[in-house]
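Comments concern the structure below.
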Amino acid sequence: AQSVTQPDIHITVSEGASLELRCNYSYGATPYLFWYVQSPGQGLQLLLKYFSGDTLVQGIKGFEAEFKRSQSSFNLRKPSVHWSDAAEYFCAVGDNAGNMLTFGGGTRLMVKP
Amino acid sequence: GAVVSQHPSWVICKSGTSVKIECRSLDFQATTMFWYRQFPKQSLMLMATSNEGSKATYEQGVEKDKFLINHASLTLSTLTVTSAHPEDSSFYICSARFSGGAGEQFFGPGTRLTVL
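For the protein sequence lines, the chains are A and B, in the order given.
In case it helps, the numbering used here puts the first sequence at residues 3 to 115.
In case it helps, the numbering used here puts the second sequence at residues 17 to 132.
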């Protein structure tokens, strides 16, 4: 069975500081990996995705993620956080048909001024 | 492109009544739509997979007679919560996948259901 673990439930960073959100997955085949962001009371917005190829993936809003197969990880990074980045972030893994999307528990990001 | 809408965005109903939530793909055809449930401060849990023209596939533990799903067209899926009770109060989110597409689901904005 596939699973996703986001070890950090809450993270607080200062505005302008760098950010890394951790994601570890368990999947039997080649994973399709995603990072979504959710603002309070809103749906999910896709930040970036990894299907194949270059293991460093660039996304929207200045985010990037690196797929490391040996560590079963897909950590999300941003070099300089903005106050508007405060939200809930979800890592997810799916199959190549777009089905069976499994989400991690989420990481709530708070940004200090 | 790839916009998914939900209606209503929020609904309050009395216990025992039924509530219908619509999920529409606005600018693409979606053979498959998905319904998720999200409790406060928790992650999304897949409830069911809805395929156009066929019966939905429900995840283990989800009552199919309580959560009726209809996917009558390539752009519309509906979730009806029948005989709603306070424990059904939650945030319901749908997503849609391109017909013939691979990998990515596009999410709607969600519907907040409160059952009194």
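Ideal Cβ placement from N, Cα and C applies to all residues, glycine included.
With its beta carbon at least 8 angstroms from every one in chain B, residue 69 of chain A lies outside the interface. Distances from the alpha-carbon of residue 72 of chain A to those of A/12, A/16, A/105 and A/27 put A/27 closest. The beta-carbon separation of residue 60 of chain B and residue 105 of chain A, rounded to 5 angstroms, stays under the 8 angstroms limit for a contact.
Here residue 120 of chain B carries a coil assignment [DSSP, helix/strand/coil]. Note on geometry: alpha-carbon atoms of residue 63 of chain A and residue 41 of chain A lie some 14 angstroms from one another.
Nearest to residue 90 of chain A by C-alpha distance, out of A/60, A/23 and A/5, is A/23. When C-alpha distances from residue 114 of chain A are compared across A/4, A/18 and A/8, the shortest belongs to A/18.
Considered as a whole, the segment 39 to 98 of chain A harbours no complete run of any alpha helix (DSSP H) with no fewer than 4 residues. Take the alpha-carbon of residue 61 of chain A and the one of residue 46 of chain B: they are about 24 angstroms apart. Cβ-Cβ separation between residue 78 of chain B and residue 104 of chain B: approximately 12 angstroms, too far for a contact (criterion under 8 angstroms).
In terms of Cα proximity to residue 96 of chain B, the closest of B/125, B/27, B/18 and B/20 is B/27. By the criterion of a C-beta distance shorter than 6 angstroms, residue 72 of chain B is surrounded in its chain by 64, 66 and 85, once the five residues flanking it on both sides are discounted. Secondary-structure assignment with DSSP links residue 114 of chain A through a beta bridge to A/16.
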